[in-house]
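*Asks:*
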Amino acid sequence: MEIRTVAFDHPDAVKLIDAVQQEYVARYGDPDLTPVDPAEFAPPSGLFLVGYLDDVPVACGGWRAHDVADPPLVPGDAEMKRLYVVPSLRGRGLARTMLAEVERTAVQAGRTRLVLETGTKQPEAIALYRSSGYVDMPGFGVYADDPLSVCLSRPL
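Counting in UniProt numbering, the sequence shown runs from 1 upward without gaps.
1) For Pro155, which residues of its own chain have a beta-carbon under 6 Å away from its beta-carbon, when the five flanking residues on both sides are left out?
2) Helix or strand or just coil, what does DSSP make of Tyr24?
3) Return helix, strand or coil for Thr120, following the three-state DSSP convention.
4) Rounded to a whole number of angstroms, what is the C-alpha to C-alpha distance between Asp55 and Arg96?
5) Could you check where the beta strand (DSSP E) with Glu40 kicks off and where it finishes?
6) I need the DSSP call for Arg96, collapsed to helix, strand or coil.
7) Taking buried to mean at least 16 other C-beta atoms within 10 Å of its own C-beta, is Asp9 buried or exposed?
8) When the Cα atoms are used, what is the spatial distance from Asp146 to Pro138?
9) Compute the distance between the beta-carbons of Val102 and Gly61, then report whether it is under 8 Å.
10) Please classify Ala69: does DSSP put it in a helix, a strand, or coil?
11) Count the other C-beta atoms from every protein chain shown that fall within 10 angstroms of the C-beta of Asp32, then say buried if there are 16 or more, exposed otherwise.
12) In angstroms, rounded to a whole number, what distance separates the CA positions of Asp37 and Pro44?
13) What residues match up with Ile3 in a beta bridge as DSSP calls it?
14) Taking a contact to mean a Cβ-Cβ separation below 8 Å, would you say Leu128 touches Leu99 in this structure?
15) Could you name the residues that DSSP lists as bridge partners for Lys81?
16) In three-state terms, what does DSSP make of Leu152?
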């Protein structure tokens with residue numbers, strides 16, 4: 001898989017983000033309601049990545065910086081958003097590859113911890129993150145008190 005840095009509102013990113021939002025609707029009944037500004041995913045305060053196979057966008061993921069203390073988030077954190085692989089290509093290690101690149105680029109930008117929010121109806125995602133060294137952390141953001149929310153972190 002070739003991974004390219006793109007703008008959050010690049011057509012290939014939008015296509016994949018729309019698909020992941022539909023996945024949330026199918027699993028939870030609603031899209032992710034977390035406020036997202038595309039500018040948050042522009043260097044140096046963030047990054048968005050799209051993975052391509054034969055020039056077709058098949059995976060994505062990104063991070064945005066958190067530099068204001070908003071416990072449990074602390075300055076230096078990077079929040080991962082929209083890690084996604086098209087259903088027809090799941091189970092081939094593409095999500096793990098994209099996760100590694102999200103982590104690598106966050107480290108390169110000076111981030112010290114990666115945090116994320118996922119949900120109990122995404123057991124595949126939870127298994128990926130836990131097998132990659134992520135551990136439970138207190139809830140944050142829109143879903144801080146949602147019983148279906150799972151917040152995880154890993155030092156970088």
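We put the CB at the ideal spot given by N, CA and C, even for glycine.
*Replies:* Judging by the given coordinates:
1) Arg113
2) helix
3) coil
4) 20 Å
5) Glu40 -> no beta strand (DSSP E), and no H or E assigned at all.
6) helix
7) exposed
8) 11 Å
9) yes
10) coil
11) buried
12) 14 Å
13) Gly51
14) yes
15) Gly62
16) strand
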